[in-house]
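The next block holds one structure in the form of structure tokens; read it before the comments.
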Amino acid sequence: MTHAPVSVVEPMRDEAGTVVALLEGLERQEVLPLEIIFVDAGSTDRSAERVRSWWAESGWEGTRSSVIAEPGAYPGGGRNAGVRASGQPWVAFIDCGIVPEPGWLKALLDCAGSGAPGALGFFRFEGEGTWARAFCAVSYGVGTRRPVLPASLFPRGLFDQVGSFDPALRAGEDLLWLRKVRALQPAPADCASAQVIYRNFPSSPMVATRKWFAYQRSLSAAGIGG
């Protein structure tokens, strides 16, 4: 079993139904991280207990898993807290509701080892169920792929150079941070072989509408959409 000096950071809020799939995806990695950090923003569905109980029963040797509390934190604040708590020279980001393919982390490490300040993994968008598949089709397109932050890897020292995520934004904080990182010379590598599957689409029109308005308000506040 091969381990890499990586802290995997996952913001989490009410993800009891998705954390097991994520943990199982991390367990299947060709190269395992030395550290996994969940940052709980105030879950009411016992997400933290779900992580701890799964790890106690199924966690693998050589990796440390922890849950830290950051009540009320948006994703950017959760990622900031995870980076602060990390003890490894590399930080990988992933989100609940995402399942990494087995070669994801190894591919990121290989791409970042080329001298780039990090590597951007790719989402592959899929939908399960009629509504989720419809929302996937009209938003991103079923089966399409694109580089995103919550599938990526960066040296921990990069955060001292470019700063942290904006903790006040509900959405778009990753795009603002990546703008600064992509302006570096050299820029992070796009790593198409580091792929994760995103299926976390709304299951009904009402849920989709609430999510859309919340995201658009945040993007508008950030000056990148709306």
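To convert, take the position in the sequence shown, counting from 1, and add 861; that gives my numbering.
Yeah, the Cβ is synthetic: ideal placement off N, Cα and C, and Gly gets one too.
Asked: Alpha carbon to alpha carbon, how far is ALA865 from ALA934? Give it in angstroms, no decimals.; Found: 28 Å
Asked: Is GLU888 helix, strand or coil when you go by DSSP?; Found: helix
Asked: At which residues does the alpha helix (DSSP H) containing GLU918 begin and terminate?; Found: 908–919
Asked: By the DSSP assignment, the alpha helix (DSSP H) with PRO1047 in it spans what residues?; Found: Per DSSP, PRO1047 belongs to no alpha helix (DSSP H) and is neither H nor E.
Asked: Specify the secondary structure class of CYS1052 as computed by DSSP and reduced to three states.; Found: strand
Asked: Report the residue from LYS967, ARG1007, LEU1039, ALA882 whose alpha carbon sits nearest the alpha carbon of THR863.; Found: LYS967
Asked: Whose CA, out of GLY1024, SER927, GLY943, CYS1052, lies closest to the CA of ARG1006?; Found: CYS1052
Asked: What residue ranges within the stretch 918–995 form continuous beta strand (DSSP E) runs of no fewer than 3 residues, ordered along the chain?; Found: 925–930, 951–954, 959–961, 980–986
Asked: Hey, would you say ALA843 sits closer than 8 Å to ILE929, going by beta carbons?; Found: The structure shown has nothing for residue 843, since the chain only spans 862 to 1087.
Asked: Output yes or no for whether 8 Å exceeds the beta carbon distance between ALA977 and PRO1049.; Found: yes
Asked: Is the beta carbon of LEU1010 sitting closer than 8 Å to the one on LEU1039?; Found: yes
Asked: The alpha helix (DSSP H) spanning VAL1023 covers which residue range?; Found: 1019–1023
Asked: I need the DSSP call for ARG1031, collapsed to helix, strand or coil.; Found: coil
Asked: Mark ARG907 as exposed unless 16 or more other C-beta atoms lie within 10 angstroms of its C-beta, in which case mark it buried.; Found: exposed
Asked: Check ARG1040 in the structure and name its three-state DSSP category.; Found: helix
Asked: Do you know offhand how far GLY982's Cα is from VAL912's?; Found: 24 Å
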